[in-house]
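Undergrad: Residue numbers (this note's numbering): 11 to 115.
Built from N, CA and C at the ideal position, the CB exists for glycine as well.
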Amino acid sequence: CLKTKPMIDFVNSTKDMFEVGWNPVLNWKPVIESDCGGNQERFLIEDPYTTMSKGNFNRVPLITGMNEYEFYYMGYYYLHNDTVRQYFNENFAKYTPIYFLYERE
11 CLKTKPMIDF VNSTKDMFEV GWNPVLNWKP VIESDCGGNQ ERFLIEDPYT
61 TMSKGNFNRV PLITGMNEYE FYYMGYYYLH NDTVRQYFNE NFAKYTPIYF
111 LYERE
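#1: Output the distance between the C-alpha atoms of V21 and L111, rounded to the nearest integer angstrom.
#2: Do you know how far the Cα of S23 is from the Cα of P16?
#3: Need the endpoints of the alpha helix (DSSP H) that Y87 sits in, please.
#4: Could you check where the alpha helix (DSSP H) with M76 kicks off and where it finishes?
#5: In whole angstroms, what separates the C-alpha of F81 from that of I73?
Structure representation (C-alpha cells):
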C-alpha cells in the first residue's frame, strides 16, 4: 500500500522518470520564480518541500481530480505517429520496465 511508504521514497524516485530523456508520465514539477526586482509579487519563492517542512503554508481543504479523457491526447500521438510507434516497438524490452516501473536486472 502506498500509504505506508515514506514521502521521501516518492521524491527520490522522480529522477528515474527522466531516464528516457523525457517524462513518460507527464510529471509536472514546480518552478521557483526568480526575484526580478521591481517589487514584483511572486507565487512560488522556494522549493515546496522547504516551505512544507517549515510549516509555512495555509492549511486549507484540498480538492483533486481528473476527467475521463485527461490523457487521451498522448495515446493518440503515439498511435498515429508511425516513426514513434516503430521506435517503441523496436525498443519495447528497453522501455517497458521504465514506463511501468518494473524490476530490472
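TA: By the coordinates alone:
#1: 15 Å
#2: 12 Å
#3: 82 to 89
#4: Here M76 belongs to no alpha helix (DSSP H), and DSSP marks it neither H nor E.
#5: About 19 Å.
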